[in-house]
Amino acid sequence: MGAPKQRWTSEEEAALRAGVARHGVGNWRMILNDPELSSTLRYRSNVDLKDKWRNMNVIVTSSSTRDRGRTSTRRTRAAPKNNDQLLAMSTITSEVDDEIVDVKPIVSMSVEGWNTSNSKKSHSRLDNIIMEAIKNLNEPTGSHRTTIANYIEEQYWPPSDFDHLLSAKLKYLATSGKLLKVNMIFSSLHHFML
DNA sequence: CTAGGGATAGCC
DNA sequence: GGCTATCCCTAG
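All residue numbers for the first sequence refer to full-length UniProt numbering, where the first residue is 1 and numbers rise by one.
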């Protein structure tokens, strides 16, 4: 007697990721009201968004033939927010008591080398993170630097001078042809190959 | 409204 | 049946 299951399309998932990138985790209503996303998400409620996000950020690695009886509940480990807790990233929790459920953020890249206080080394991984950000943002024509910055700040724990870093990196990626820059909008070649 | 825990539809 | 993605309930 519940409603029939309406599975999420990849377009809807992309819209949700973009929404979270723009407005932050937990601002489901705001995401729904985003003029760019409201049409794709028109069949979803704020609660649907919340539930879906919870589910998307979980990877279950238990083959489970032998799971404790309980109604199977998963432990979720939401992606870290831009708040005041040291990076608990890359904490691939192994097991919690008797539940052998192991989860990790969907965008799981190691960010080792990043410090909360400041950066000291070169971050060759930044390239990958930027690429991943643009890809996951999935905006039809590419993304503005500020949007990219917001997204990365959602997922990771960038140093305080991250804005400068990002600007420099984007500039480099653009001039080296790894990214396309048109009117302040950065897009990956990926955008034009589909 | 959002966060979580619970319930259930559907798949294998 | 077990299992997950989705849907429902409700405290705060």
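Backbone N, C-alpha and C define an ideal beta-carbon position, used for all residues, glycine too.
query, result
"State buried or exposed for A149, treating a residue as buried only when at least 16 other CB atoms are found within 10 Å of its CB.", "buried"
"What do you reckon, are the CB atoms on S167 and I134 nearer than 8 Å?", "no"
"So, helix, strand or coil for K171, using DSSP?", "helix"
"Would you report the Cα separation of T146 and Q6, rounded to the nearest angstrom?", "33 Å"
"Based on the DSSP output, what are the partners of H144 in its beta bridges?", "I185"
"How close, in whole Å, do the beta carbons of I152 and I129 come, if the pair is a contact with beta carbons under 8 Å?", "6 Å"
"Can you list, in chain order, the residues of its chain whose CB lies under 7 Å from that of M131, leaving out five sequence neighbours each side?", "S188"
"With burial defined as no fewer than 16 other Cβ atoms inside 10 Å of the residue's Cβ, what is the status of R42: buried or exposed?", "exposed"
"The alpha helix (DSSP H) with N46 in it runs from where to where?", "46-56"
"DSSP state of L180, grouped into three classes?", "strand"
"Which residue from H144, L165, F162 puts its Cα closest to that of K181?", "H144"
"Would you kindly work out how many angstroms separate the C-alpha atoms of residue 195 and L37, rounded to a whole number?", "Residue 195 falls outside the range modelled here, since the chain spans only 1 to 194, and no answer is possible."
"Which residues bound the alpha helix (DSSP H) around L37?", "Here L37 belongs to no alpha helix (DSSP H), and DSSP marks it neither H nor E."
"A15 and T40: beta carbons closer than 8 Å?", "yes"
"As a quick exercise: from G26, R44, G24, pick the residue whose alpha carbon is nearest that of E12.", "R44"
"In three-state DSSP terms, what is M1?", "coil"
"Does DSSP put A14 in a helix, a strand or coil?", "helix"
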